[in-house]
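Student:
Residue numbers (my numbering), protein chains in the order written: chain X, 15 to 306; chain D, 15 to 306.
1) Tell me the rounded alpha-carbon separation between residue 120(X) and residue 212(X).
2) Quick check on residue 167(X) - is its C-beta less than 8 Å from some C-beta in chain D?
3) When you compare the CB of residue 17(X) with every CB in chain D, is at least one pair closer than 8 Å?
4) So if DSSP puts residue 106(X) in a beta bridge, which residue, or which two residues, is it bridged to?
5) Give the secondary structure of residue 226(X) by DSSP, where H, G and I count as helix, E and B as strand, and everything else as coil.
6) Classify residue 73(X) as helix, strand or coil using the three-state DSSP reduction.
7) In chain order, which continuous runs of the alpha helix (DSSP H) of length 4 or greater are located wholly inside the region 25-92 of chain X?
8) Does DSSP put residue 306(D) in a helix, a strand or coil?
9) Give the single residue among 100(X), 149(X), 299(X) whose Cα lies nearest to the Cα of residue 135(X).
10) Between 73(X), 22(X), 45(X), 215(X), which lies nearest to residue 142(X) when the distance is taken from Cα to Cα?
11) Interface residues of chain D around residue 161(X) at Cβ under 9 Å?
12) Kindly indicate if chain X contains any beta-carbon less than 8 Å away from that of residue 95(D).
13) Less than 8 Å between the beta carbons of residue 64(D) and residue 200(D), yes or no?
14) Give me, in chain order, the residues of the same chain whose beta-carbon lies closer than 6 Å to that of residue 160(D); leave out the 5 immediate sequence neighbours on both sides.
15) Would residue 233(X) count as contacting chain D if we go by Cβ distances under 8 Å?
16) So, does the CB of residue 87(X) fall closer than 8 Å to a CB anywhere in chain D?
17) Closer than 9 Å, Cβ to Cβ, to anything on chain X: give me those residues from the region 110-125 of chain D, in chain order.
18) Is the beta carbon of residue 276(D) closer than 8 Å to that of residue 215(D)?
19) What span of residues does the alpha helix (DSSP H) with residue 210(X) cover, start to end?
20) Since residue 267(X) is in the alpha helix (DSSP H), which residue starts that stretch and which ends it?
21) What in chain X is Cβ-close to residue 44(D), meaning under 7 Å?
22) Smallest Cα separation from residue 195(D): which of 176(D), 208(D), 164(D)?
23) Pick out whichever of 83(D), 19(D), 25(D), 49(D) has its Cα sitting closest to the Cα of residue 31(D).
24) Nearest-angstrom Cα distance between residue 297(D) and residue 151(X)?
25) Considering only the alpha carbon of each residue, which of 109(D), 176(D), 225(D) lies closest to residue 60(D)?
26) Assuming contact is defined by CB atoms lying nearer than 8 Å, are residue 260(X) and residue 301(X) in contact in what I supplied?
27) How many Å lie between residue 162(X) and residue 86(X) at the Cα?
28) Excluding sequence positions up to five away, which residues of its chain have a Cβ less than 6 Å from the Cβ of residue 189(D)?
29) Return the CA-CA distance between residue 78(D) and residue 207(D), expressed in angstroms with no decimal places.
30) Which same chain residues, not among the five before or five after residue 158(X), have their C-beta less than 7 Å away from its C-beta?
31) Could you check whether the Cβ of residue 157(D) sits closer than 8 Å to any Cβ belonging to chain X?
32) In chain X, which residues lie with their C-beta within 8 Å of the C-beta of residue 48(D)?
33) Using only alpha-carbon positions, find the residue among 169(D), 52(D), 76(D), 154(D) that is nearest to residue 113(D).
34) Within a Cβ cutoff of 6 Å, which residues of the same chain sit near residue 299(D), ignoring the five residues on either side of it in sequence?
35) If you check the beta carbons only, do residue 81(X) and residue 291(X) fall under 8 Å apart?
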């Protein structure tokens, strides 16, 4: 992990995930399946974004802990469903067998469903706000980011594009929806709960958009040049599956350059912000430097 | 359909479902899959419960239309996932091929996911309230009712019990969670939005609990004695699958008697309510009389 990653914040999110994880009751297998996927490592990147966006605008991590957990629940749910045999058919994730490999396809589908419901349960039960309409706004952001016009839509186009020649516009659509929307919603959720002005929300949204794109490009590059031990999943899996990728369209060097441009743009936006954007800038650097 | 069913309310819910259905954009297939399952008929029982619970406490249908849609979205999502090959493997629902039969398993999983997210999107975007914290309370009810401690938990125990001898307690757990929780949450959501007092919420919760149980018992009975044309799905499917049912444990007559007791209890509770409970009583009668 890069030195620049805000490890303290990651540990904070980890701690809150443990604290808010529901009591294991009957039938335990569903909680075990949820737990397996939720606690299989990971940088808690989206949860960290909630916390750091809020902190940049002067709000304490503690205040947004519930929402930081919720975005991690949503991310994990989407991974479980993406990995299913009828979707991406992935057996390995973060170096561990995927949910359906351990618990069966039926329980994996239901564990994803349960994690998704728990995301909204945590926010509506635990999230604080000076004005409850901010909580409703956060729920709207997360629901929209994960639905047909967001994550699900991106996954559908990704599936439709397998083994086909696609253009840059389609590739961008897939990534903006599949990965970008939840990254953007995480940053916006933290900002909204911290009472962002319209201008601040605009700037942080622009930051998140560049960050999301850089994230996806480097992910694609890592799939080509990374090794399985670092990634925790098989490399070259995109290519073998005929998946659309940035290196596929622009070459490794071209893709790296695009990621660099996006990272710089993300950091430029932060300079216009009336707050300490250093950690968010570090996060942008971290995303880019993963590639090296 | 029974003469007692509030057809006008069903049409109202149907109309709102059409109004709130998201614009079909790219990729259209996901919206088509959502549309296929959402508009394949059905009594809109849960949406009607939201509206009629609110009306009983003096609130207009128009006020709770968004939440009435949301519970129908959640119900439809749960049906799509339940019907999947790796779960109940049902090819027919309401007389039409199920979502995965028409669109494939991958799109069906994602269409369920998208409907679920859209439920929270509609409430957080469209639901009115004099106090926004009521909307948050409704979201909490629906998230809890559909998660691991609700619908998902019931489905898991149902799957675990297939082909096994189970006792009454397990059967009750399955039905209370799988069907009962969302029925209860629908009634409670309507009541909360209508500004129910604690006592009113208690009474309507007790009503909903009896109604949910009666609903499930008659569903089981219909699976044995109904015909495919009326049910829109294969009858005898529970038995052939080794599923736990009320007629299986108590016989047809015993199960009918239990449904009658629950219906009467539901109506008794309504008499204690300081409002016009006639339509809710009719709904209880409707649930029982479906059986004839």
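Beta carbons: idealized from backbone N, C-alpha and C, even for Gly.
Tutor: A quick look at the data gives this:
1) Their Cα atoms are separated by approximately 44 Å.
2) So yes, residue 167(X) belongs to the interface.
3) Reliability of the predicted coordinates at residue 17(X) is poor, the pLDDT of 49 falling under 50, and the value obtained from them is presented with this limitation in mind. Residue contact check for residue 17(X) against chain D: no CB pair falls below 8 Å.
4) Beta-bridge partners of residue 106(X) (DSSP): 111(X).
5) In the structure shown, residue 226(X) sits in a helix (DSSP, three-state: H, G or I).
6) Look at residue 73(X) here: in three-state DSSP terms it is coil, with no helix or strand label.
7) List check, alpha helix (DSSP H) in window: 42-52, 59-70.
8) With a pLDDT of only 45 at residue 306(D), under the threshold of 50, the placement of this residue in the model should not be trusted, and no figure is reported.
9) Checked all of 100(X), 149(X), 299(X); the closest Cα to residue 135(X) is 149(X).
10) Ranking 73(X), 22(X), 45(X), 215(X) by Cα distance to residue 142(X) puts 73(X) first.
11) Within 9 Å Cβ-Cβ: 36, 127, 128, 129, 130, 131, 132, 134, 135.
12) Chain X places a beta carbon closer than 8 Å to that of residue 95(D), counting this residue as a contact.
13) The Cβ atoms of residue 64(D) and residue 200(D) lie closer than 8 Å to each other.
14) If we look at residue 160(D) and ignore the five residues flanking it on each side, its Cβ neighbours are 88.
15) Any Cβ of chain D closer than 8 Å to the Cβ of residue 233(X) would place that residue at the interface, and such an atom is absent.
16) By the rule that beta-carbons nearer than 8 Å mark a contact, residue 87(X) does not touch chain D.
17) Of all residues in the region 110-125 of chain D, 114, 118, 119, 120, 121, 122, 123, 124, 125 have a Cβ within less than 9 Å of some Cβ in chain X.
18) Taking 8 Å as the Cβ cut-off, residue 215(D) and residue 276(D) do not qualify as a contacting pair.
19) Residue 210(X): not part of any alpha helix (DSSP H); DSSP gives it neither H nor E.
20) Under the DSSP assignment, residue 267(X) falls in the alpha helix (DSSP H) whose first and last residues are 260-285.
21) The contacting residues are 162, 166, 167, 170.
22) For residue 195(D), the nearest C-alpha among the options comes from 164(D).
23) Comparing alpha-carbon positions, the option among 83(D), 19(D), 25(D), 49(D) lying closest to residue 31(D) turns out to be 83(D).
24) If you take the alpha carbons of residue 297(D) and residue 151(X), they lie about 35 Å apart.
25) It is 225(D).
26) At least 8 Å separates the beta-carbon of residue 260(X) from that of residue 301(X).
27) One C-alpha to the other measures close to 19 Å.
28) Once the five neighbours on either side are set aside, the close Cβ partners of residue 189(D) are 230.
29) The straight-line gap from Cα to Cα measures roughly 7 Å.
30) So the list reads 164, once near-sequence residues are dropped.
31) Contact with chain X is found for residue 157(D), since one of that chain's Cβ atoms lies less than 8 Å from the residue's Cβ.
32) Those are 162, listed as they occur along chain X.
33) Of the candidates 169(D), 52(D), 76(D), 154(D), the one whose C-alpha sits nearest the C-alpha of residue 113(D) is 52(D).
34) Taken in chain order, the residues that qualify are 18.
35) At least 8 Å separates the beta-carbon of residue 81(X) from that of residue 291(X).
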